[in-house]
Structures are given as C-alpha cells and as structure tokens.
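Notes follow the structure.
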Amino acid sequence: MMTEQRPGEHMAAEIAQQPDVLAGLVERQAEIAGVAEKISQRPPRFALLAARGSSDHAALYAKYLIEVLLGLPAGLVSPSTATLYGARPDLRDVLFVTVSQSGGSPDLIEVTETARRQGALTVSVTNTPDSPLRAVSELGVDIGAGVEKAVAATKTYSATLMALYLLIDAVRGGKAADAEKIGELAQQTLDGAAEGVQRAVDRYRFVDRVLTTGRGYSYATALEGSLKLAETSYLAARAYSGADLLHGPVAAVNGETAVLAVTSKGQGGQAMHEVLDAVGKRGADVLAVGSAASEMPAALRIDVAPTVEELAPILEILPIQRIALGLSLARGGDPDSPRGLLKVTKTR
1 MMTEQRPGEH MAAEIAQQPD VLAGLVERQA EIAGVAEKIS QRPPRFALLA ARGSSDHAAL
61 YAKYLIEVLL GLPAGLVSPS TATLYGARPD LRDVLFVTVS QSGGSPDLIE VTETARRQGA
121 LTVSVTNTPD SPLRAVSELG VDIGAGVEKA VAATKTYSAT LMALYLLIDA VRGGKAADAE
181 KIGELAQQTL DGAAEGVQRA VDRYRFVDRV LTTGRGYSYA TALEGSLKLA ETSYLAARAY
241 SGADLLHGPV AAVNGETAVL AVTSKGQGGQ AMHEVLDAVG KRGADVLAVG SAASEMPAAL
301 RIDVAPTVEE LAPILEILPI QRIALGLSLA RGGDPDSPRG LLKVTKTR
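What follows is the structure, encoded as structure tokens:
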C-alpha cells in the first residue's frame, strides 16, 4: 500500500542530502581537474557564462571566482542575442561555460552550439551527463547530485557551486585544499542553524515583502534566496547587491520590510555593515545569515560555519533553503510542487 507523500517531503530530504553530495564532489576533484587541464592547454582571453534560473545565480558565483581567482574578465551571456537576434560574435580564445541542472533548455543548447562554432572552448556543467547540452559541449563537468524530485533546486544548486569552484580552483593549479572539509561544514551548518531557522519561520510567516541582499560572492546567495522564497512561499521577494541597494532602492524600505542579509566573513561581509545600518535606520526587520551574522546589526541572526570567503555561498544557502521550506509549509503550501512551475523549464 502506497503512503501519501507529505508536503515538502522531497525538498526536506534533498536539503539533508547536501553534506554527502558536497563531500562526494570533493572526492572527484581529480576528475574535474582533468577538465581544468584541458582548459589550461587553451588559455582563454576571457570567460562567458550562460545559464537560467538557479543556475544563473551559480554562474554569477563563477563569474566572481573567475575574475578574482583567475584574474580574467568574465561576463554573463544573454542567450537570446543568439537565439532570437542571431548574433554571431567572434569567440576565438574564449572560455564559454554553460550551467544547467537539466541540460535540456533549448536556448542554452543553441547558444552553446553557436559559441562552439564561433571558436569558443565550450564547457557544460550539468546534473545530467547524457543531456543534449553535454552532447554539444566540447568538455563537461557532471555535478553528480543525483535525482532531484522537488521542483525547487536545493542539492543541485549547492553541488553546482561546488563543481564550479573545483573547476576554477583547478584551473589556477589548486588541489581543493580549502574545500576538503566542506561536507562536514555543511552538516555543521544545517545542525547549528535549526533553532534559528525555526525562529525565522515563526517571525516571518505572515510577511508579504522580503528583500534579500549581499555583496561579493554572497550576492549570488541573495539572488538564490530571493528565488527560493518567491517560488516556494509566493512572497514578493527582491534581491539587490548591497551596493545597489544604497543607490536608490533603500528609499522603499520601511518598517513593513523584512530584509534577509547574507553576511559572511571577508570583504563582502565587511561591506554589509553600512548597508544594514542604512536599512535599520529605516525600520526594516533584519535577518542576518552567514559566518559574520553575529557581528551584524540585526533582529535575528543565523550563524554559518566559517570558511574561506569564496566557499561561503555553498554553506550560506543551506539555512535559507530551510527557511523557504519552513515558510512554505507554515503558509499552507507544498514546496515540492509550487503552483505553475515545472522541474525543467524550456525557453528559447
């Protein structure tokens, strides 16, 4: 006799699987370093990244890694310039990385084919190694997260971040030394954040408007956090970099605004002090998440296990996923099957 699936059952299970998924990826460092070696044999002038949805946030994270760790210019591609407008730029000596959990979106497949024809070295980063995207890419990295049943990406997102870090670290000659304990740190973060997550769910279950913010590497976490809250709890969530927030949108912040601030130790987290002072003066209710949360002016703080700044987004997102799950359930939703969404979205 089949038992009825409980709302959020898949999302909860997949969040819990992340420490093992991340540890497994680190164990495959040598395999990913093999792809990095082939990139190093064709040194790029710059890098371009193509993605959609959660993968777009992972690509932004990779953009920071490439610019900071490799010292190369990097940009995010607009696939429609190729698919809708027929642009054919000269991409000789360019590294073109396409990030897609499913590897099945027609626009990402087409823009990757185009980039390869235009001379780029194309690399796919996907959870589906037999996907059409991998077939059209010269090189590929399998993130190896396993089947993800919940519509909202959790383990595939953090695994994509991990795979991108391992790839880019290997291109610079690294051996993933800083990531050696990432599985343990992920478990420590999930266990240590449980009480704070429940307090956040209780505090924000009736909120209508949430603003997420972060700087540097953590900006990707703010974007992904905003998406998770919107797609699972149907909140009016908006993400800004801390710098952009101060350039105008802060004027819309008031006592009815909940602000989720991603604040980890490092240059990005340090730059968030000014931002949180500004939103605090406007009466916002601030939730700080990250390894520097205890140092921030906030109504509620959720600590994350400390690590080097470039790895922080892999851990920061974990309690935010749990908050999205808890808020969805508290508001009567089912985060495994958000209304109007499919696991694979195909665009052109």
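Position 290, counted from 1, in the sequence shown is what UniProt numbering calls 290; the numbers after and before it change by one each time, with no gaps. From the three backbone atoms N, C-alpha and C, an ideal C-beta is built for every residue, glycine too. Note that the structure is predicted; figures quoted are calculated from it, not measured.
field: Contacts around Lys343, its chain only, beta-carbon distance under 6 Å, and the 5 residues preceding and following it disregarded
entry: If you number the sequence shown from 1, residue 343 lands on position 343. Low confidence applies to Lys343: its pLDDT is 49, below 50, so where it sits in the model is not reliable, and the reading given next is rough at best. Same-chain partners within the cutoff: Val151.
query: By a C-beta neighbour count over all protein chains shown, 10 Å radius and 16 as the cutoff for buried, is Pro19 buried or exposed?
result: For this step, residue 19 is matched to residue 19 along the sequence shown. Around the beta-carbon of Pro19, 16 or more other beta-carbon atoms lie within 10 Å, marking it buried.
task: With DSSP as the reference, please indicate the residues paired to Phe96 in a beta bridge.
output: Counting from 1 along the sequence shown, the entry for residue 96 is found at position 96. DSSP, once it has assigned bridges, lists Leu48, Thr122 as partnering Phe96.
message: Assuming Gly268 is part of the alpha helix (DSSP H), what are its boundary residues?
response: To locate residue 268, count along the sequence shown from 1; it is residue 268. Gly268 -> alpha helix (DSSP H) spans 267-270.
Residues near Thr149 in its chain [Cβ-Cβ closer than 6 Å; skip 5 each side]: Counting from 1 along the sequence shown, the entry for residue 149 is found at position 149. At residue 149 the sequence reads Lys, which differs from the Thr that was named. Closer than 6 Å at the Cβ level, and outside the excluded window around Lys149, lie His10.
message: Alpha carbons only, please: which of Val136, Pro319, Pro43 is nearest the one belonging to Gly192?
response: Start at 1 with the first residue of the sequence shown, and residue 192 comes out as number 192. For the residues Val136, Pro319, Pro43, the minimum Cα distance to Gly192 belongs to Pro319.
task: List the DSSP bridge partners of residue 363.
output: Shown here, the chain extends from 1 to 348; a query on residue 363 therefore has no answer.
task: For Ala278, I'd like the list of residues in its chain whose CB is within less than 7 Å of its CB, leaving aside the five on either flank, ordered along the chain.
output: Against the sequence shown, residue 278 aligns to sequence position 278. Closer than 7 Å at Cβ, skipping near neighbours: Leu246, Val250.
query: Roughly how many angstroms lie between the CA atoms of Ala271 and Ser78, to the nearest whole one?
result: The residue labelled residue 271 in the question sits at position 271 within the sequence shown. The residue labelled residue 78 in the question sits at position 78 within the sequence shown. Cα to Cα, the separation comes out at about 29 Å.
message: If you measure between the beta carbons of Thr263 and Gly290, is that distance less than 7 Å?
response: The residue labelled residue 263 in the question sits at position 263 within the sequence shown. The residue labelled residue 290 in the question sits at position 290 within the sequence shown. Yes, the pair counts as a contact, with Cβ atoms nearer than the cut-off.
- request: Would you kindly work out how many angstroms separate the C-alpha atoms of Val201 and Val275, rounded to a whole number?
  value: Residue mapping note: residue 201 aligns to position 201 of the sequence shown, counting from 1. Residue mapping note: residue 275 aligns to position 275 of the sequence shown, counting from 1. Val201 and Val275: Cα-Cα distance of roughly 23 Å.
Check whether Gly266 and Glu309 have beta carbons under 7 Å apart: Reading the sequence shown from its first residue, position 266 is the one you call residue 266. Reading the sequence shown from its first residue, position 309 is the one you call residue 309. Yes, the Cβ-Cβ distance between Gly266 and Glu309 is below 7 Å.
- request: Return the chain-ordered list of same chain residues with a C-beta closer than 6 Å to the C-beta of Gly183, the five sequence neighbours on each side being excluded.
  value: Counted from its first residue, the sequence shown places residue 183 at position 183. Closer than 6 Å at the Cβ level, and outside the excluded window around Gly183, lie Pro19, Leu22, Ala23.
message: Does Asn127 pass the burial test, meaning 16 or more other C-beta atoms within 10 Å, or should it be called exposed?
response: For the purposes of this step, residue 127 is taken as residue 127 along the sequence shown, with counting starting at 1. So Asn127 ends up on the buried side.
query: Roughly how many angstroms lie between the CA atoms of Ser328 and Glu14, to the nearest whole one?
result: Within the sequence shown, residue 328 is the residue found at index 328, counting from 1. Within the sequence shown, residue 14 is the residue found at index 14, counting from 1. Spanning the two alpha carbons is a distance of roughly 16 Å.
message: Need the endpoints of the beta strand (DSSP E) that residue 351 sits in, please.
response: Since the displayed the chain opens at 1 and closes at 348, residue 351 lies outside it and no answer follows.
- prompt: How about Thr213 and Ala261: are their beta carbons less than 7 Å apart?
  reply: For the purposes of this step, residue 213 is identified with residue 213 of the sequence shown, where counting begins at 1. For the purposes of this step, residue 261 is identified with residue 261 of the sequence shown, where counting begins at 1. In this structure, Ala261 lies closer than 7 Å to Thr213 by Cβ.
message: With three or more C-beta pairs closer than 8 Å as the rule, is the segment 119-133 touching the segment 91-107?
response: Taking 8 Å as the limit for Cβ pairs, the verdict is that the segment 119-133 does touch the segment 91-107.
query: Which value, in whole angstroms, describes the spacing of the CA atoms of Ala145 and Ala58?
result: Translated into the one-based positions of the sequence shown, residue 145 becomes position 145. Translated into the one-based positions of the sequence shown, residue 58 becomes position 58. Distance between the alpha carbons of Ala145 and Ala58: 15 Å.
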